[in-house]
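Position one of the sequence shown corresponds to residue 22 (the working numbering), numbered consecutively onward.
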Amino acid sequence: MEDWVVPLFFNSYLYLPRDPNIRDGFMEILPSLYSNAEAGSHLHISTLAVAFFSVAAWTGQESLLRTSEQYFTRALPKIRDALQSNEDSGLDSLLLSILLLGTYEEFVAIKEWELPLKAHLRGAIALINSRRAKSLPSSTSSTSSIIIRGVETQILKTTRGLSNPMVPTPKVWPLSQPSVPSSPELLFLSTASQLVNLRHAWEEMMAQSDPAPYATTILNRATVIDNNLVSWSYQIPQYWVPVAASLIPQSVRNAGIYRNRCDCYSDMWIAATWNNYRDCRILLQTIKLSCLRVLPAQDPDGWRTESVTATIHKLAEDTCASVPFFLGSQMKSVRMKCGLVQYPFAETRPVTLSHKQAAPLMGAYFLFAFLKNLQNSDLGLPVDQQKWVDGQINRVLNVYF
């Protein structure tokens, strides 16, 4: 069974064409590290846990789900043993195993309709704090750097969601050594990483009996980061810019489209970067709103509050407009059959073969966290939009389980 599941899992994403500006993540380096891992090692078993869970979701085979859980249970004591060895020589594979179990944790949370506890991400941060704080890699392409960036990305993902409790910030932040960003994605992440310390400071401010003395500083920091993110959106290549769909199949409309809006992208990774951007800016607007509420003198006529609220609604609508691109007409698992799902397209953003192959498997996973973040009642979204988002989350769950 392993000889069938693992190649299917790797082939589902490894050989798909991607924009060259999208960097490799830890999943892209996993196949080579897995092939060199000792059978029965924590990396070997952690990979099997994620692979079996993924293929179970794609094929509907419950037996694979049970096997996945068994591998997860077996991986935990092996990771504990490796942690007790206190050796840096196997740190990369250990961090990668912890990231994989964190991915498994996310999968289970989706299946159970829960927020992930992020226990393994907390473990990765504790491990970095204890062994790596003073010796982080400087190269942007080495295996170590890719794994460290994987931890960074997960920390930022947790920071963006207002419903997510913050994880502890590593002693060194950001984890990657500062360098000149070489792609739109890296430029975005360089700017967005500033959100982590800002959210910690904001939560500390809101815990004070009188937050007003701190609010001006927090408001100014949020405004600067927000302006930098807006600037990023004007610096990206033209083909990264979403385009309104020129043709939306009726099956896509039937599956779910909000206020007749649908945008198309060059690929799913670019679309996900845009949704990351929107998530970050929604958090920043929320921080700005809370500061303005305790600083009424800075918004005497209420126009700043009105502008920030309108920005939240616009960003949320843009996220909703990406849903048909990711999901198309899909309402349930396609059981690994290509061509059963229809997608919207624009003249300059045609539906590629790789999108037809990958989106039915991964599109719903790409979307889930963004949709969950829109469920936060503090955003004040219109009632019809809240109901639409709830329906799309149920749709995602039906796609996989």
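All C-beta atoms in this analysis are idealised placements derived from N, C-alpha and C, irrespective of residue type, glycine included. Remember, it's a predicted structure, so these values are computed and weren't measured experimentally.
One alpha carbon belongs to F209, the other to S197, and they sit about 14 Å apart. Its Cα nearest to that of T190, the residue I149 stands out among I149, L183, L207. Partner residues in the beta bridge of C285, as assigned by DSSP, are V264. Rounded to the nearest angstrom, the Cβ distance from P345 to P365 is 5 Å, consistent with a contact under 8 Å. Residue pairing of R370 in beta bridges, as defined by DSSP: A367. S214 is the residue among S214, Y260, P371 whose C-alpha sits nearest the C-alpha of L305.
Across the structure, S165 and L177 are spaced so that their CA atoms are roughly 19 Å apart. For Q105, the uninterrupted alpha helix (DSSP H) run begins and ends at 83–106, by DSSP.
In the three-state DSSP reduction, S197 falls in the coil class, being neither helix nor strand.
Note on P137: 16 or more other CB atoms within 10 angstroms of its CB, so buried under the neighbour-count rule.
F389 and S56 have their alpha carbons spaced roughly 30 Å apart. Rounded to the nearest whole angstrom, the CA to CA distance from I291 to W253 is 14 Å. The continuous alpha helix (DSSP H) containing P345 extends over residues 324–348. DSSP places V420 inside the alpha helix (DSSP H), whose first and last residues are 404–421. Between A367 and C285, the gap from beta carbon to beta carbon is short of 8 Å. The alpha-carbon of T330 is positioned some 25 Å away from that of G277. In this structure, the CA atom of E327 is about 27 Å from the CA atom of T179. Scanning L64, V26, L219, V315 for the CA closest to the CA of D231 turns up V315. Take P258, set aside five residues on each side of it, and the residues of its chain with a beta-carbon closer than 8 Å to its own are N42, P205, in chain order.
Rounded to the nearest whole angstrom, the CA to CA distance from F47 to V172 is 9 Å. The three-state secondary structure of R242, taken from DSSP, is helix. For D113, the enclosing alpha helix (DSSP H) begins and ends at 112–132.
Taking 8 Å as the cut-off, the Cβ atoms of N415 and M352 do not count as close.
Ranking R299, D247, S267, Q407 by CA distance to the CA of V372 puts S267 first. When the alpha-carbon of Y235 is set against those of L219, V245, N248, the nearest one is in L219.
Per DSSP, E49 is one residue of the alpha helix (DSSP H) stretching across 47–57.
The Cβ atoms of I239 and C312 sit closer than 8 Å to each other.
Taking the Cα of R274 as reference, the smallest distance to any Cα among I168, Q363, S89, Q91 is reached at Q363. For Q175, the enclosing alpha helix (DSSP H) stretches over residues 164–181.
Around the Cβ of M22, a 10 Å sphere holds fewer than 16 other Cβ atoms; the residue is exposed.
Residue environment analysis places S343 among the buried positions, since at least 16 neighbouring C-beta atoms fall within 10 angstroms of its C-beta.
Between L117 and V71, the C-beta gap is not smaller than 8 Å, which leaves the two residues out of contact. Within its own chain, the residues whose Cβ lies closer than 6 Å to the Cβ of A78, once the five positions on either side in sequence are excluded, are Y421, listed in chain order.
For M227, the enclosing alpha helix (DSSP H) stretches over residues 215–227.
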